[in-house]
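Peer 1:
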Amino acid sequence: MLKLSKRLEWIAKQVPAGSSLADIGSDHALLPSFLALQGRIVKGIAGEVNPGPFQAASKQIRESRLEEIVDVRLGDGLAVISAGEVEVITIAGMGGALIASILEAGKEKLAGVKRLVLQPNVGEANVRSWLLEHHWVLTDELILEEDGKIYEILVAEPSGQAEVSNEELYQTRTLHGGVTMDREQLIKMGPYLIRQPSVVWFQKWEQELGKLEMIRRQLALSEAAESRSKEKDLELEMKRIKEVMACLQKDKTSSN
Ligand code: SAM
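In the working numbering, the protein residues as written are 480 to 735.
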């Protein structure tokens, strides 16, 4: 039996049993193979834009004797599917900007799709923004650590189908400690993830602060006036992140 990484396993769990699935950027087609071998999808499409991974996916499907269930297709993003062909689309293991551009380029193919399961390696805010602007509603967010890397998984459904609305999800919130989170900050830090922030979520934002601090130090070395204003913006951004983290940490401690 195929063994998935923890990251792919968590993504697989978000695909409802009995679905038809397109996995875009499938590489070795591990996700659709695993789901097909477990009888959890009725049909799968493994999409790949690059010939190497396309061949690897074809080999995987052939060797697992899954050709009747999983179709491997060569093409850019959602160009490999037609509208109404699948109920679920997974796009995992790429940057958030690339995921958003794939959705944007193929948005007419999303008609009839009931669920998107998206796992950006970086730039999650790009994905949340795209979903918000295109009337998709986040229904869940997960965060996990594997081999020293932190991953977020975003699950979305078309507005109308989802039980929550984007208005509710991204409404400005005041945390218990009095810190306010506006839409922009919720898009950045995750409207579900901040509700019960896990240890991994705190680790992620400690790492992000570390990256921002490195950029700030570089800017501090420059004498250009533009660098001063960028430094100020960065300091403000870091201050906001720290305030949110402190508030949520306090909540966590008091609820324990
Ligand atoms: N989805 C798998 C996973 O999460 O383990 C594989 C991730 S792999 C790092 C990213 C894959 O996306 C590569 O195989 C790459 O060729 C493919 N890819 C990148 N841009 C793409 C696009 N526009 N359309 C389809 N596939 C794409």
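In this text, a Cβ means the ideal position worked out from N, Cα and C, and glycines have one as well.
Since the model is a prediction, treat every value here as computed from it, not as a measurement.
1. The ligand SAM and G572: does any heavy atom of the ligand fall closer than 7 Å to the residue's C-beta?
2. Note down, in chain order, each residue of its chain lying with its Cβ closer than 6 Å to the Cβ of A571, except the 5 sequence neighbours on either side.
3. Using only the heavy atoms of the ligand SAM, determine whether one of them is closer than 7 Å to the beta carbon of L487.
4. The beta strand (DSSP E) with L487 in it runs from where to where?
5. For G526 and D661, I'd like the C-alpha separation in whole angstroms.
6. Taking all protein chains shown into account, do 16 or more other C-beta atoms lie within 10 angstroms of the C-beta of R674, making it buried, or fewer, making it exposed?
7. Going along the chain, which residues of its own chain have a beta-carbon closer than 6 Å to the beta-carbon of A515, five neighbours each way excluded?
8. Distance check for S484 and I720, CA to CA, integer angstroms please.
9. Taking the C-alpha atoms as reference points, what is the distance between A496 and G556?
10. Report whether the distance from the Cβ of I581 to the nearest heavy atom of the ligand PLP is below 7 Å.
11. Three-state secondary structure (DSSP) at D555?
12. Note down the Cα distance separating A536 from P530, rounded to an integer number of angstroms.
13. Check the C-beta distance from L610 over to L617 and give it rounded, since I have them as a contact under 8 Å.
14. Three-state secondary structure (DSSP) at D712?
15. Tell me which same chain residues have a C-beta within less than 6 Å of the C-beta of H655, skipping the five on either side of it?
16. Is it the case that the segment 581-596 contacts the segment 641-650, given that we only count it when at least three CB pairs across the two stretches are under 8 Å?
Peer 2: Concretely, from the data shown:
1. For G572, the distance from the CB to the nearest heavy atom of the ligand SAM is below 7 Å.
2. Excluding positions up to five away in sequence, the list reads I490, Q598.
3. Yes, Cβ of L487 sits closer than 7 Å to a heavy atom of the ligand SAM.
4. Premise fails: L487 lies in the alpha helix (DSSP H), 485-492, not in any beta strand (DSSP E).
5. C-alpha of G526 to C-alpha of D661: approximately 37 Å in a straight line.
6. Residue environment: R674 is assigned as exposed (fewer than 16 neighbouring CB atoms within 10 Å of its CB, all protein chains considered).
7. Excluding residues within five positions, the ones whose Cβ falls inside 6 Å are G523, L545, I548, V549.
8. One Cα belongs to I720, the other to S484, and the distance between them is close to 30 Å.
9. For A496 and G556, the gap between their C-alpha atoms comes out near 24 Å.
10. The ligand PLP is not among the ligands present in this structure, which contains only the ligand SAM.
11. Coil, per DSSP.
12. Cα to Cα, the separation comes out at about 10 Å.
13. With a contact defined as Cβ atoms closer than 8 Å, L610 and L617 qualify at about 6 Å.
14. Helix, per DSSP.
15. Closer than 6 Å at Cβ, skipping near neighbours: D730.
16. Here the segment 641-650 does not lie against the segment 581-596, with fewer than 3 beta-carbon pairs under 8 Å apart.
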